[in-house]
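Novice: One structure coming up, written as structure tokens, with questions to follow.
Protein chains: 2
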Amino acid sequence: MLIEIDFNSNEALYIQLRNQIILGIAKDMLRDGDSLPSVRQMANELGVNMHTVNKAYALLRQDGYVKLDRRNGAVISVSMENKSHHVENIHSNMEMIVAQAVCKNITLEEMQKLVEDMYDTFSSARPQIDIIVEEKE
Amino acid sequence: MLIEIDFNSNEALYIQLRNQIILGIAKDMLRDGDSLPSVRQMANELGVNMHTVNKAYALLRQDGYVKLDRRNGAVISVSMENKSHHVENIHSNMEMIVAQAVCKNITLEEMQKLVEDMYDTFSSARPQIDIIVEEKE
DNA sequence: CTTCTGTTATAGCATAGATATAACAGAAGA
DNA sequence: TCTTCTGTTATATCTATGCTATAACAGAAG
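Here the protein sequences line up with chains A and B, keeping their order. The first sequence begins at 34 in the working numbering and counts up one residue at a time. The second sequence begins at 34 in the working numbering and counts up one residue at a time.
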């Protein structure tokens with residue numbers, strides 16, 4: 034998987050790396066069990082310092098996206114615990130976006146479509162747990 | 034309108050102030066034509082430096098939320114220009130949120146409801162252009 | 001003429017981001 | 001056992017950002 038870092042971005046390098054990996058998981062380019070390059074190897078590939086990568090990995094572990102151990106390095110392992118915590122997090126992050134949309138007269142329908150399209154983009158290649166829909170009789 | 038600043042937050046003070054004002058507009062607590070306290074007065078009220086407030090005001094002007102001039106201070110004036118630019122901005126901001134939601138198995142329906150509820154919260158007190166709903170016969 | 005406004009300039013201080021170098025403990029393989 | 005890899009921790013240095021402080025300027029209002 035290709036990870037691109039923009040050194041001219043105002044976003045911190047370790048945040049960019051973390052985001053790229055989360056996007057990779059969402060797009061199913063990184064799956065449970067996949068190994069990420071070691072902190073030193075990834076740092077060498079990206080041309081950044083080891084500690085910058087370590088910071089990103091530590092953040093990913095903290096948020097339940099990878100598990101780290103000394104033998105296997107960083108392994109993708111998305112935790113489904115603390116879902117309510119994540120919903121809260123998403124809620125607060127979403128608040129400013131929706132507030133801006135309301136101010137700028139962007140309709141709810143436009144926002145809904147934006148979310149739906151983006152959802153499709155991510156989940157189109159992902160294995161769905163609930164493809165089978167039970168119909169009420 | 035009450036503006037609260039958290040000095041212990043890791044979010045920059047001028048960003049907090051900017052966000053609070055955008056939220057105020059979204060909640061219709063600040064309306065077109067309303068004047069904001071001058072940079073010095075606002076700084077005094079919040080207990081922050083004048084330049085911190087000036088930074089927030091300059092940012093709000095840049096994003097089309099207020100107009101600044103020497104006689105009237107900062108006046109709420111939401112610009113509807115550059116809508117495509119704002120949609121792009123919202124799109125990129127939303128991408129990481131939706132990516133996280135997909136990773137954490139938060140369904141599209143849950144996200145849609147989140148957006149809808151939040152939209153209602155903001156727009157409930159706002160003047161609606163399309164309150165009248167035509168019913169099909 | 002005084003007082004308010006936004007605006008700009010300069011300086012100092014603290015924190016965060018990124019780098020560099022180094023070392024440690026644990027696990028794997030020769 | 002020895003080497004090599006892993007994540008982890010500890011310092012130190014440099015730069016950029018955030019915040020404050022003090023000061024000054026131009027324009028508008030009373």
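Where a beta carbon is used, it is the ideal one built from N, C-alpha and C, also for glycine.
Span of the beta strand (DSSP E) holding A107(A)?
Specialist: Counting along the chain, the beta strand (DSSP E) containing A107(A) begins and ends at 106-109.
Novice: Looking at the structure shown, is L150(B) part of a helix, part of a strand, or coil, going by DSSP?
Specialist: The amino acid occupying residue 150(B) in the given sequence is Asp; Leu does not appear at that position. Three-state DSSP puts D150(B) in a helix.
Novice: Measure the C-alpha to C-alpha separation of L141(A) and Y90(B) and round it to an integer number of angstroms.
Specialist: Each residue's Cα considered, the two are about 27 Å apart.
Novice: Just to confirm my understanding: we take R64(B), look at its own chain, exclude 5 residues before and 5 after, and list those with CB closer than 7 Å. What are they?
Specialist: Result list for R64(B): I109, in chain order.
Novice: Which residue marks the beginning of the alpha helix (DSSP H) containing K88(A), and which one marks its end?
Specialist: Counting along the chain, the alpha helix (DSSP H) containing K88(A) begins and ends at 83-95.
Novice: List the residues of chain B that M34(A) touches, going by C-beta distances under 8 Å, in chain order.
Specialist: Result: empty, since nearest Cβ-Cβ is about 14 Å, beyond 8 Å.
Novice: Can you name the start and end residues of the beta strand (DSSP E) that L50(A) belongs to?
Specialist: First-last for L50(A): 46-59, but that is the alpha helix (DSSP H), not the beta strand (DSSP E).
Novice: Can you tell which of M127(A), G97(A), E143(A) has its C-alpha closest to the C-alpha of M113(A)?
Specialist: Residue G97(A) is the option with its Cα nearest to M113(A).
Novice: Which residues in the same chain as A107(B) place their Cβ atom closer than 6 Å to its Cβ, once the five residues preceding and following it in sequence are excluded?
Specialist: Closer than 6 Å at Cβ, skipping near neighbours: L69, Y90, V99, L101.
Novice: Looking at the C-beta of L56(A), does it have a partner C-beta in chain B at a distance below 8 Å?
Specialist: Judged by the 8 Å Cβ criterion, L56(A) is in contact with chain B.
Novice: Have a look at V72(B) and K60(A) and give me their C-alpha separation to the nearest angstrom.
Specialist: Their Cα atoms are separated by approximately 45 Å.
Novice: I want to know whether the segment 40-56 of chain B touches the segment 139-153 of chain A - three or more CB-CB distances under 8 Å.
Specialist: Touching, no.
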